[in-house]
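Working notes, structure below.
In UniProt numbering, the protein residues as written are 1 to 90.
Here it is in C-alpha cells:
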C-alpha cells in the first residue's frame with residue numbers, strides 16, 4: 001500500500017529551519033518590518049493592485065499574495081495591505 005504524502009507548511013518550515021539552518025526568526029523579523037511599512041501607508045482601501053499582505057483585525061499576518069493572485073477565501077474583516085517596498089516590486 002502506498003500512502004500519498006502531503007507536506008504541511010509547518011513541517012516544511014521546520015525542516016528548512018532544522019535541516020538546512022534557515023534563520024526563521026530573521027525572516028519573521030523582515031516580514032514584520034515589511035508589514036509595518038505597508039500598514040504605515042495603508043489608506044483604508046482593501047483592493048491593492050500588486051503584492052499584498054492579508055492582515056486580520058487582531059494583527060495576525062494570515063498570508064501574502066503576489067500581483068497575479070486573488071484572495072480565494074477572504075476572511076471577514078481582514079485587510080489586504082499593499083506591499084510596495086518588498087523585493088517583488090524593486
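Where is the CB? At the ideal position from N, CA and C, for every residue including glycine.
Practice task
Locate the alpha helix (DSSP H) running through residue 26, then write down its first and last residues.
Solution key: 24 to 40
Practice task
Work out the CA separation of residue 67 and residue 7 for me, nearest whole Å.
Solution key: 25 Å
Exercise for the section: Could you tell me which of 79, 10, 33, 20 sits nearest to residue 42, measuring between CA atoms? Expected result: The shortest CA-to-CA distance from residue 42 to any of 79, 10, 33, 20 is the one to 79.
Exercise for the section: Measuring alpha carbon to alpha carbon, tell me which of 23, 53, 26 ends up nearest residue 37. Expected result: 53
Handout entry: Anticipated Cβ contact below 8 Å, residue 17 with residue 24, distance rounded
Key = 5 Å
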